[in-house]
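J.: Shown below is the structure under consideration.
Residue numbers (the UniProt record's numbering): 1 to 559.
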């Protein structure tokens, strides 16, 4: 399987401040589990499961929550003592005394930070991407299509051929959108569906269009677009709600396949230094998470945000934000206001873009969520969508004790709306790596507006709370790459450096900001006594170890 996560980092061989080099992540890569050094008297207790869950007899190695012992994480700065309850007993010079003589001693390396989280990613998309053709990083149209043909050839029994990660803006030979004619015939008549990198548009073969079905007579869905040729026939490209409709036609993977792929993804996320993630996914993914959790196999903490289509069901069941525990909890309702920059469907104040959720419906959704004590996560990329989100949230300021409304992405914000985040109490849930990937398109599509695009610094100075993530698999899930994008990259790229953050602020947005966005700041996001022991250790701009609940989830040190 080809890698499906592509990260960006500054090239070590180029003197250009804009230079980046791709780095690939493969969740299916088989690596020997690596641990940190332990004292001779201590058993080594690792969080990483050795076997994926399956319905054919496979098992998950459970977390060792029984027979816990006090632990001293030594050799790092600061040293950290952990009690038998998995909470921090002391840090720094007081750690050794607090741990006691009988504590397990684990020697680590690097500076210990509060566990870094990701406030916005897509676990099901990551898992299912591993089951389809990976088109990430294809530099030409020819290369992308060749990967699909090769994938289809190697899977003759698959009823559908799917792929994801293509970005026509990056193709050097032909940057036009894909068409159904290019996909017809490459899979022996089987339906083919290829999702664009941003997840907001896809191209379908003729067989896939027929299976949905989408025909010449199919009208555009509210909030969706079916691209058509001059004769009115679908070209194969579908956007927003039409894309969602098409994706629902693809048969879902079996439980065992999904669980195996999901566990692999979660393990890889711990290697990136993540201790908690906020997932924006469908109910099928939540069922998979529950199966892992019941087997005590989750290697990190997961906060699940349900799609707005499930709001009525949540209301009927009385589901409220915080349902669950420290490992798996339900938090908010995800609703889309617009599309994306890459698909040219972001809703702008000038009237361009696509309105996915009309304002009347949005106001109703927000009010129902507030009344039911469910938080909201409002996808808004264009400045028009961001303003509508703030307008809908403003009358509900402080609706209830844990009301933590979020605007997801907030990639282009009108300057007049920047101070409204703080005044209304809205969290800016943003993904710094988007700025690197989107800069060229933003300069073309948003002329004169990039002075308030990806405006982390301006939002922070206005008093807004920031929670950072990656939107993986759209971008690489590494928080270190996100921190670089939020801090030093803007100066190197000479792209509105006044909007950059300090490293301390970026780290806070990836730790305490992520915890606050899920109502967990009393237990996570700081290195102090009484907090749950989630740590990310960093040395020389690389993760050396990830600690979750006082256990080593991953370490770069050999035994």
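Using N, Cα and C, we set each Cβ at its ideal position, and we do this for glycine too. Note that the structure is a prediction, hence the values are computed from the model and not measured.
1) Between residue 74 and chain C, is the shortest Cβ-Cβ distance under 9 Å, so that the two count as touching?
2) Where in the region 177–260 do unbroken runs of the beta strand (DSSP E), each at least 3 residues long, occur, reported from the N-terminal end onward?
3) Report yes if the CB atom of residue 160 is closer than 9 Å to the CB atom of residue 178, and no otherwise.
4) Does the Cβ-Cβ distance between residue 124 and residue 285 come in under 9 Å?
5) Looking at residue 162: is its Cβ nearer than 9 Å to the Cβ of residue 192?
6) Helix, strand or coil for residue 538? Go by DSSP, reduced to three states.
7) I need the DSSP call for residue 406, collapsed to helix, strand or coil.
8) Label residue 294 either buried or exposed according to how many other C-beta atoms from any shown protein chain fall within 10 Å of its C-beta, with 16 as the threshold for buried.
9) Please return the same chain residues whose Cβ sits closer than 8 Å to the Cβ of residue 539, not counting the five positions on each side in sequence.
10) Over the uninterrupted beta strand (DSSP E) stretch that includes residue 377, give me the two end residues.
11) When the Cα of residue 140 is compared with those of 176, 150, 232 and 238, which residue comes out closest?
12) How big is the Cα-Cα spacing for residue 375 and residue 259?
13) Have a look at residue 146 and residue 188 and give me their C-alpha separation to the nearest angstrom.
14) Beta strand (DSSP E) containing residue 171: first to last residue?
15) Where in the region 397–473 do unbroken runs of the beta strand (DSSP E), each at least 3 residues long, occur, reported from the N-terminal end onward?
16) Taking the CB atoms as reference points, tell me whether residue 565 and residue 342 lie closer together than 9 Å.
17) Assess contact between the region 411–427 and the region 446–456, defined as three or more Cβ pairs (one per stretch) separated by less than 8 Å. Is contact present?
18) For residue 543, which of helix, strand or coil comes out of DSSP?
19) CB residue 547 to CB residue 107, shorter than 9 Å?
20) Where does residue 359 land, buried or exposed, given buried means 16+ other C-beta within 10 angstroms?
21) Take residue 556 and list the residues in its own chain whose beta-carbon comes closer than 6 Å to its own, dropping the five residues that flank it on each side.
22) Between the alpha carbons of residue 553 and residue 298, how many angstroms are there, rounded?
23) Need the endpoints of the alpha helix (DSSP H) that residue 276 sits in, please.
24) Can we say the region 317–327 touches the region 340–356, given the rule of at least three CB pairs closer than 8 Å?
25) Starting from residue 125, trace the beta strand (DSSP E) both ways and give me its first and last residue.
26) Which value, in whole angstroms, describes the spacing of the CA atoms of residue 181 and residue 226?
27) Measuring straight from C-alpha to C-alpha, what distance separates residue 384 and residue 354?
28) Specify the secondary structure class of residue 554 as computed by DSSP and reduced to three states.
29) With three or more beta-carbon pairs closer than 8 Å as the criterion, would you say the region 523–534 touches the region 475–487?
30) For residue 336, list the residues DSSP reports as bridge partners.
31) If we call anything under 9 Å between Cβ atoms a contact, is residue 280 one with residue 307?
32) Nearest-angstrom Cα distance between residue 197 and residue 185?
33) Please classify residue 114: does DSSP put it in a helix, a strand, or coil?
34) Could you check what DSSP says for residue 505 in three-state terms: helix, strand or coil?
35) According to the neighbour-count rule (16 or more other Cβ atoms, all chains shown, within 10 Å of its Cβ), is residue 321 buried or exposed?
36) Tell me the DSSP secondary structure of residue 496 in three-state form.
T.: So, to answer that:
1) Here there is only one protein chain, and chain C is not present.
2) With a minimum length of 3 residues, the continuous beta strand (DSSP E) runs that stay inside the region 177–260 are 192–196, 201–204, 224–228 and 234–240.
3) Position 160 of the chain shown, counted from the first residue, corresponds to residue 160. Position 178 of the chain shown, counted from the first residue, corresponds to residue 178. Result no, Cβ atoms of residue 160 and residue 178 do not sit closer than 9 Å.
4) In the chain shown, residue 124 corresponds to position 124, counting from 1. In the chain shown, residue 285 corresponds to position 285, counting from 1. Their beta carbons are under 9 Å apart, which means residue 124 touches residue 285 by this criterion.
5) Position 162 of the chain shown holds residue 162. Position 192 of the chain shown holds residue 192. Closer than 9 Å, so yes.
6) Against the chain shown, residue 538 aligns to sequence position 538. Residue state, collapsed to three classes: strand.
7) For the purposes of this step, residue 406 is identified with residue 406 of the chain shown, where counting begins at 1. The DSSP-derived three-state label of residue 406 is strand.
8) Position 294 of the chain shown, counted from the start, is the residue given in the question as residue 294. That one is exposed.
9) As a position in the chain shown, residue 539 is number 539, starting the count at 1. Contacts found: 109, 110 and 111.
10) On the chain shown, residue 377 is found 377 positions in, with the first residue counted as 1. Segment 375–380, the beta strand (DSSP E) holding residue 377.
11) Mapped onto the chain shown, residue 140 falls at position 140. For residue 140, the closest of 176, 150, 232 and 238 by C-alpha to C-alpha distance is 176.
12) In the chain shown, counting from the first residue as 1, residue 375 sits at position 375. In the chain shown, counting from the first residue as 1, residue 259 sits at position 259. Using only the alpha carbons, I get a separation of about 27 Å.
13) For this step, residue 146 is matched to residue 146 along the chain shown. For this step, residue 188 is matched to residue 188 along the chain shown. When rounded, the separation of the alpha-carbon atoms in residue 146 and residue 188 is 15 Å.
14) If you number the chain shown from 1, residue 171 lands on position 171. Segment: none, residue 171 is in no beta strand (DSSP E) and carries neither H nor E.
15) For the region 397–473, whole beta strand (DSSP E) runs of length 3 or above, ordered along the chain, are 406–409, 427–430 and 466–468.
16) Nothing in the structure corresponds to residue 565, since the chain is present only between 1 and 559.
17) Touching, per the Cβ criterion.
18) In the chain shown, counting from the first residue as 1, residue 543 sits at position 543. Reduced to three states, the DSSP call for residue 543 is strand.
19) On the chain shown, residue 547 is found 547 positions in, with the first residue counted as 1. On the chain shown, residue 107 is found 107 positions in, with the first residue counted as 1. Cβ atoms of residue 547 and residue 107: not closer than 9 Å.
20) Along the chain shown, read from residue 1 onward, the residue named residue 359 stands at position 359. Exposed.
21) Here residue 556 refers to the residue found at position 556 when the chain shown is read from its first residue. Excluding sequence neighbours, residue 556 sits near 544.
22) Here residue 553 is taken as the residue at index 553 of the chain shown, counted from 1. Here residue 298 is taken as the residue at index 298 of the chain shown, counted from 1. Cα-Cα distance, rounded: 10 Å.
23) One-based indexing of the chain shown puts residue 276 at position 276. First-last for residue 276: 274–280, but that is the beta strand (DSSP E), not the alpha helix (DSSP H).
24) Under the Cβ criterion (8 Å, minimum of three pairs), the region 317–327 does not count as touching the region 340–356.
25) Looking up residue 125 in the chain shown gives position 125. Premise fails: residue 125 lies in the alpha helix (DSSP H), 123–129, not in any beta strand (DSSP E).
26) Mapped onto the chain shown, residue 181 falls at position 181. Mapped onto the chain shown, residue 226 falls at position 226. Pairing residue 181 with residue 226, the inter-Cα distance amounts to about 15 Å.
27) For the purposes of this step, residue 384 is taken as the residue at position 384 of the chain shown. For the purposes of this step, residue 354 is taken as the residue at position 354 of the chain shown. Their backbone Cα atoms lie some 10 Å apart in a straight line.
28) Walking along the chain shown from the start, residue 554 turns up at place 554. Secondary structure of residue 554 (DSSP, three-state): strand.
29) Short answer: they don't touch.
30) As a first step, residue 336 must be located in the chain shown, where it is residue number 336. The partner list for residue 336 (beta bridge, DSSP) reads 379.
31) Against the chain shown, residue 280 aligns to sequence position 280. Against the chain shown, residue 307 aligns to sequence position 307. For residue 280 and residue 307, yes; Cβs fall inside 9 Å.
32) In the chain shown, counting from the first residue as 1, residue 197 sits at position 197. In the chain shown, counting from the first residue as 1, residue 185 sits at position 185. When rounded, the distance between both Cα atoms is 23 Å.
33) Taking the first residue of the chain shown as position 1, residue 114 is located at position 114. Strand at residue 114.
34) Mapped onto the chain shown, residue 505 falls at position 505. Taken through DSSP and simplified to helix, strand or coil, residue 505 comes out as helix.
35) For this step, residue 321 is matched to residue 321 along the chain shown. When all chains shown are included, residue 321 counts as buried.
36) To locate residue 496, count along the chain shown from 1; it is residue 496. The three-state secondary structure of residue 496, taken from DSSP, is coil.
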